[in-house]
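**Student:** For the record, in the sequence shown the residue sitting at position 286 is 276 according to my numbering, with numbers rising by one throughout.
Idealized CB from N, CA, C, for every residue including glycine.
Next up is a structure, given as C-alpha cells.
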Amino acid sequence: MGDSVDSLLDRPVASKGRKTLAIVVIGMAGSGKTCYVRKLIEKLKTVGKKVYSINLDPAVVKVHYKPNIDIRDSIDYRDIMKKYNLGPNGAIMTSLNLFVTRFDKILEILDRRSDTLDYIVIDTPGQIEVFNWSASGTIILESLSSSFPTAVNYLIDTTRSMNPVTFMTNMIYACSVMYKCQLPFIACFNKIDVNRYEICLEWMHDYDQFYESVMKDDSYMATFSRSCALMLNEFYYNLTVSGISSMTGEGFDEHIKTLDECIHQYKRIYLPWLEKKRIMNSRVNKGLPPEE
C-alpha cells in the first residue's frame, strides 16, 4: 500500500505518557454501532469531555452524529463499486485500503490535537469481517495503538443473543476479535432496554444453565455450542463486560468508567508488548534475528 503504510507500522510507540483514549467500535451488522457512537459522544460531551470522532464506514447512508473525519468525504463507495466492478463487501474493503494509504495524515492531525482531546471514537464498517480480518483494519489498529492508549469495544446485540446458539456465535466471534486485536477489550451488550443481558451473564458463568437452555434445540449447531461453551470458560473469566442501551442511555455511566480503566490496562499490559513487538519488527526488517 505504499511508503506511508510502511511508515505507519514503523512508528515508535508514542502513547507512553498520553491520556487520550482511542475507542475502536466493532460489532456485527445490526448491533447498533453508529447509534452507540452517537450516544457515547453525547454522554462524554455532557460531562465536558473533548471527543474526536472518525467514521470508517464508506457505505453508511446516514450517521446520527457529526464525525470530525469521515471516509465518505474522500472516497465514494459507489464509484469504487463501478470502477473496479466489485460487490458491496469488496467495495468497502477497497475503500478502506485506499483510505489507509492516507492514514498517516490522520495520525498527524490526532498527534497535533492530542493535548486537547480526552477521547477518539472510531466507528467501523457494519460488516465486521471487512475491518477485523483485512490488512487495512490491522494497520489502523496497530498505528492507533502505537500512538494512543487504545481499547476495542465489541458491540453485541442483546436481543439476538437471547437465543443460546446465537449467543455462542457472538462469544466465539468476540473471542477471535480479542485475540486478533491484542488490545484492551470490552464485550458490550447493547439494546438492554429491549432485553436484559443478565441471562447472557448467567450463561457465561454457569455452564449447567447454558446447557439446559441449549438442550431445547436439537440442531447440529446446538451440539456445537455446548462443546464451545466448555472451551470458552477461561475466556469468560478474563472478559470485561458492559451492558448499555444506545437509545435510553442506560448503563453508559458505568460503561464509561470501564472504558477509562482500559487506559491503565493498556499501559500495564499492552504497552510493553507493543514496544517489544515494534523492536522485533525493526530488527527483522534490517535482516537481524527478532531477538538479540
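Pick from F138, L97, D108 and L46: whose alpha carbon is nearest that of A81?
**Tutor:** As a first step, residue 81 must be located in the sequence shown, where it is residue number 91. Measuring from the Cα of A81, the nearest candidate turns out to be L46.
**Student:** Name, in chain order, the residues that DSSP records as bridge partners for D147.
**Tutor:** The residue labelled residue 147 in the question sits at position 157 within the sequence shown. Partner(s): N180.
**Student:** Specify the secondary structure class of N87 as computed by DSSP and reduced to three states.
**Tutor:** Taking the first residue of the sequence shown as position 1, residue 87 is located at position 97. Looking at N87 - three-state DSSP - the assignment turns out to be helix.
**Student:** Determine, using beta carbons only, whether K95 comes closer than 8 Å to chain D.
**Tutor:** Protein chains in the displayed structure number just one, and chain D is not present.
**Student:** Quick check on S235: does DSSP put it in helix, strand or coil?
**Tutor:** Your numbering for residue 235 matches position 245 in the sequence shown. Residue state, collapsed to three classes: coil.
**Student:** For M270, I'd like the list of residues in its chain whose CB is within less than 6 Å of its CB, leaving aside the five on either flank, ordered along the chain.
**Tutor:** By one-based count along the sequence shown, residue 270 stands at place 280. So the list reads P280, once near-sequence residues are dropped.
**Student:** Short check: CB of I176 to CB of T114, under 8 Å?
**Tutor:** Sequence index remark: in the sequence shown, residue 176 carries index 186 (1-based). Sequence index remark: in the sequence shown, residue 114 carries index 124 (1-based). No.
**Student:** What are the boundary residues of the beta strand (DSSP E) that G116 is part of?
**Tutor:** By one-based count along the sequence shown, residue 116 stands at place 126. From DSSP, G116 is part of no beta strand (DSSP E); its letter is neither H nor E.
**Student:** Hey, S43 and L97: beta-carbon distance below 8 Å or not?
**Tutor:** Translated into the one-based positions of the sequence shown, residue 43 becomes position 53. Translated into the one-based positions of the sequence shown, residue 97 becomes position 107. In this structure, L97 does not lie closer than 8 Å to S43 by Cβ.
**Student:** Is V167 helix, strand or coil when you go by DSSP?
**Tutor:** For the purposes of this step, residue 167 is taken as residue 177 along the sequence shown, with counting starting at 1. Reduced to three states, the DSSP call for V167 is helix.
**Student:** Can you tell me which of the three DSSP states D60 falls into?
**Tutor:** Translated into positions along the sequence shown, residue 60 becomes position 70. Residue state, collapsed to three classes: strand.
**Student:** Can you tell me whether W123 is buried or exposed? The criterion is at least 16 other CB atoms within 10 Å of its CB, across all chains shown.
**Tutor:** Translated into positions along the sequence shown, residue 123 becomes position 133. That one is exposed.
**Student:** What does the alpha-carbon distance come out to for the pair G296 and M71?
**Tutor:** Here the chain covers residues -9 to 282 and nothing more, so residue 296 does not appear.
**Student:** Per DSSP, G17 forms a beta bridge with which residues?
**Tutor:** Numbered from 1 along the sequence shown, position 27 holds the residue referred to as residue 17. Note: G17 sits in a beta bridge opposite L145.
**Student:** Taking Cβ positions, are H245 and Y226 nearer each other than 8 Å?
**Tutor:** Position 255 of the sequence shown, counting from 1, holds the residue named residue 245. Position 236 of the sequence shown, counting from 1, holds the residue named residue 226. No. Outside cutoff.
**Student:** When you compare each of V155, T84 and I110 to V142 by their alpha carbons, which one comes out closest?
**Tutor:** Within the sequence shown, the letter at position 152 stands for residue 142. Out of V155, T84 and I110, I110 has the C-alpha closest to the C-alpha of V142.
**Student:** From what residue to what residue does the beta strand (DSSP E) around V41 run?
**Tutor:** Here residue 41 corresponds to residue number 51 of the sequence shown, with the count starting at 1. V41 to N45 is the extent of the beta strand (DSSP E) around V41.
**Student:** Do the CB positions of F179 and S232 come within less than 8 Å of each other?
**Tutor:** In the sequence shown, the residue the question calls residue 179 occupies position 189. In the sequence shown, the residue the question calls residue 232 occupies position 242. Yes, these two residues count as a Cβ contact at 8 Å.
**Student:** By how many angstroms is the C-alpha of G116 removed from the C-alpha of R28?
**Tutor:** Counted from its first residue, the sequence shown places residue 28 at position 38. Counted from its first residue, the sequence shown places residue 116 at position 126. The alpha-carbon atoms of R28 and G116 are separated by roughly 15 Å.
**Student:** Quickly, what does DSSP pair T230 with across the bridge? List them, please.
**Tutor:** Taking the sequence shown and counting its residues from 1, the one referred to as residue 230 is at position 240. For T230, which the question treats as bridged, DSSP gives the partners I176.
**Student:** With DSSP as the reference, identify every bridge partner of V274, one or two as the case may be.
**Tutor:** Translated into the one-based positions of the sequence shown, residue 274 becomes position 284. When DSSP reads this structure, V274 sits in no beta bridge, so it has no partner.
**Student:** Since C165 and L220 are thought to touch, with beta carbons under 8 Å apart, how far apart are those beta carbons, to the nearest angstrom?
**Tutor:** As a position in the sequence shown, residue 165 is number 175, starting the count at 1. As a position in the sequence shown, residue 220 is number 230, starting the count at 1. In fact, because the Cβ distance is near 13 Å, the residues do not count as touching under 8 Å.
**Student:** Along the chain, where does the alpha helix (DSSP H) containing R8 start, and where does it finish?
**Tutor:** Position 18 of the sequence shown holds residue 8. For R8, no alpha helix (DSSP H) encloses it, and the DSSP letter there is neither H nor E.
**Student:** Quick test of the definition: if touching needs 3 or more C-beta pairs under 8 Å, does the stretch 58 to 75 touch the stretch 83 to 90?
**Tutor:** yes
**Student:** What distance in whole Å lies between the Cβ atoms of P139 and R273, which are believed to be in contact at a cut-off of 8 Å?
**Tutor:** Here residue 273 refers to the residue found at position 283 of the sequence shown. Here residue 139 refers to the residue found at position 149 of the sequence shown. About 25 Å separates the two Cβ atoms, so there is no contact after all.
**Student:** DSSP beta-bridge partners for T140?
**Tutor:** Position 150 of the sequence shown holds residue 140. DSSP output for T140 lists A12 as bridge partner(s).
**Student:** Spatial neighbours of E192 within its chain, please: C-beta separation below 6 Å, excluding the five flanking residues on both sides.
**Tutor:** For the purposes of this step, residue 192 is taken as the residue at position 202 of the sequence shown. Counting only Cβ-Cβ distances below 6 Å, and skipping sequence neighbours, we find Q199.
**Student:** Leaving out the 5 sequence neighbours to the left and right, which residues in its chain are closer than 8 Å to N58 when beta-carbon positions are compared?
**Tutor:** As a first step, residue 58 must be located in the sequence shown, where it is residue number 68. For N58, where only same-chain residues beyond five positions count, the Cβ hits under 8 Å are Y42, S43 and I44.
**Student:** Using the DSSP secondary-structure output, state which residues sit across from Y109 in a beta bridge.
**Tutor:** Against the sequence shown, residue 109 aligns to sequence position 119. L11 and V41, per the DSSP bridge assignment.
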